[in-house]
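Peer 1:
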Ligand SMILES: [Zn+2]
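Numbering (our numbering), first residue to last: 18 to 274.
(1) Please list the terminal residues of the continuous alpha helix (DSSP H) segment that includes residue 111.
(2) Whose C-beta lies closer than 8 Å to the C-beta of residue 266 among residues of the same chain, with five residues either side of it excluded?
(3) I'd like to confirm something about residue 94: is its beta-carbon nearer than 7 Å to some heavy atom of ligand 1, or not?
(4) Determine the closest residue to residue 123 out of 142, 135, 197 and 110, with distance taken between C-alpha atoms.
(5) Closer than 7 Å: is that where the CB of residue 143 sits relative to any heavy atom of ligand 1?
(6) Can you give the beta carbon distance from residue 190 to residue 158, rounded, assuming they're within the 8 Å contact cut?
(7) Any heavy atom of ligand 1 inside 7 Å of the beta-carbon of residue 98?
(8) Alpha carbon to alpha carbon, how far is residue 272 from residue 127? Give it in angstroms, no decimals.
(9) Return the residue from the list 165, 132 and 77 that minimises the CA-CA distance to residue 173.
(10) Within the present structure, is the beta-carbon of residue 147 separated from the nearest heavy atom of ligand 1 by less than 7 Å?
(11) Indicate, with yes or no, if ligand 1 has a heavy atom lying under 7 Å from the CB of residue 183.
(12) Which of helix, strand or coil does DSSP assign to residue 152?
(13) Starting from residue 227, trace the alpha helix (DSSP H) in both directions and tell me its first and last residue.
(14) Can you grab the Cα-Cα spacing for the pair residue 270 / residue 217, in whole Å?
(15) Strictly by DSSP, which residues pair up with residue 91?
(16) Return helix, strand or coil for residue 242, following the three-state DSSP convention.
(17) Could you have a look at residue 213 and say whether DSSP puts it in helix, strand or coil?
(18) Given this structure, state the Cα-to-Cα distance separating residue 233 from residue 138, to the nearest angstrom.
(19) To the nearest angstrom, how far is the alpha carbon of residue 214 from that of residue 220?
(20) Using only the alpha-carbon positions, how far apart do residue 148 and residue 183 sit?
(21) Return helix, strand or coil for residue 136, following the three-state DSSP convention.
(22) Would you say residue 181 and residue 93 are within 8 Å of each other, going by their C-beta atoms?
(23) With contact counted as at least three CB pairs below 8 Å, one residue from each stretch, are the segment 93-109 and the segment 76-83 in contact?
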């Protein structure tokens with residue numbers, strides 16, 4: 018677990034930018050510095066805002082330390098009519114739960130794609146516009162997250178508890194805003210390599226089945242350019258392959274609990 022205090026101590030919040038982290042027990046414990054300059058934008062709240070946003074820390078997860086063979090599939094950037102229903106169909110057919118990190122403006126327009134189809138699935142916050150939150154000031158980040166949180170509640174009747182910032186960027190005011198809203202942050206440890214394996218779902222499935230470890234969080238996308246469909250085509254073989262290795266699929270919140 019990395020607390021906001023630890024982040025402040027490490028200088029991450031003060032400096033902004035993308036940090037490199039080392040895993041210890043599945044959580045971020047050592048920040049090694051950042052691999053590029055700060056991105057600009059306002060990093061912290063004004064002094065008189067700090068009390069208002071300090072809720073006691075944000076946990077940042079990219080896998081879960083466990084010996085149990087559990088894995089969480091996550092799908093970002095939807096819902097959009099092009100692919101989201103097809104992913105839901107494959108997941109339903111295989112009876113596999115997943116977590117969808119939705120883009121608020123997509124949800125606002127296409128909530129019907131998810132409504133009534135989420136019984137086994139979880140929904141998380143992936144910002145309103147998919148802008149890089151690290152480039153926004155605190156008020157801007159909060160607008161992005163609150164609009165999306167509200168859309169998830171209005172359209173789907175869910176209270177999201179997990180944030181995945183676009184591009185996995187944690188810089189700027191992202192962690193402060195997550196803290197203020199009571200969110201934990203979920204990144205990933207494995208992913209569908211949609212560019213490398215475009216058009217070769219069998220290779221994609223082999224790669225991912227071989228890469229998953231107990232507690233893995235897997236990133237894929239249910240929106241975007243056509244190369245991302247390799248994830249859809251690979252999904253049945255991924256599910257079968259991981260089940261053959263003894264894995265069970267859970268939502269991200271289940272994995273984290
Ligand atoms: Zn995204």
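Yeah, the Cβ is synthetic: ideal placement off N, Cα and C, and Gly gets one too.
Peer 2: This is what the structure gives:
(1) Note, residue 111: alpha helix (DSSP H), 101-111.
(2) Closer than 8 Å at Cβ, skipping near neighbours: 87, 88, 89, 90, 113, 114, 115, 256 and 259.
(3) Using a cutoff of 7 Å, the CB of residue 94 counts as near ligand 1, since one of the ligand's heavy atoms is closer than that.
(4) Comparing Cα-Cα distances from residue 123 to each of 142, 135, 197 and 110, the minimum goes to 142.
(5) In this structure, residue 143 has its beta carbon less than 7 Å from a heavy atom of ligand 1.
(6) So it is a contact: roughly 5 Å between Cβ atoms.
(7) It does not: the Cβ of residue 98 is nowhere closer than 7 Å to a heavy atom of ligand 1.
(8) Going from the Cα of residue 127 to the Cα of residue 272 covers about 28 Å.
(9) Checking every option, the nearest Cα to that of residue 173 belongs to 132.
(10) Under cutoff, so the answer is yes.
(11) In this structure, ligand 1 has a non-hydrogen atom nearer than 7 Å to the beta-carbon of residue 183.
(12) The three-state secondary structure of residue 152, taken from DSSP, is helix.
(13) First-last of the alpha helix (DSSP H) with residue 227: 218-228.
(14) Going from the Cα of residue 270 to the Cα of residue 217 covers about 31 Å.
(15) Note: residue 91 sits in a beta bridge opposite 116 and 236.
(16) In this structure, residue 242 counts as coil in the three-state DSSP scheme.
(17) In the three-state scheme derived from DSSP, where H, G and I count as helix and E and B as strand, residue 213 is classed as coil.
(18) Between residue 233 and residue 138, the alpha-carbon positions lie close to 17 Å from each other.
(19) Residue 214 and residue 220: Cα-Cα distance of roughly 7 Å.
(20) So the two alpha carbons sit approximately 7 Å from each other.
(21) Residue 136 falls in the coil class under three-state DSSP.
(22) Yes, they are a contact pair.
(23) The count of Cβ pairs closer than 8 Å, one atom from the segment 93-109 and one from the segment 76-83, stays below three, leaving the stretches out of contact.
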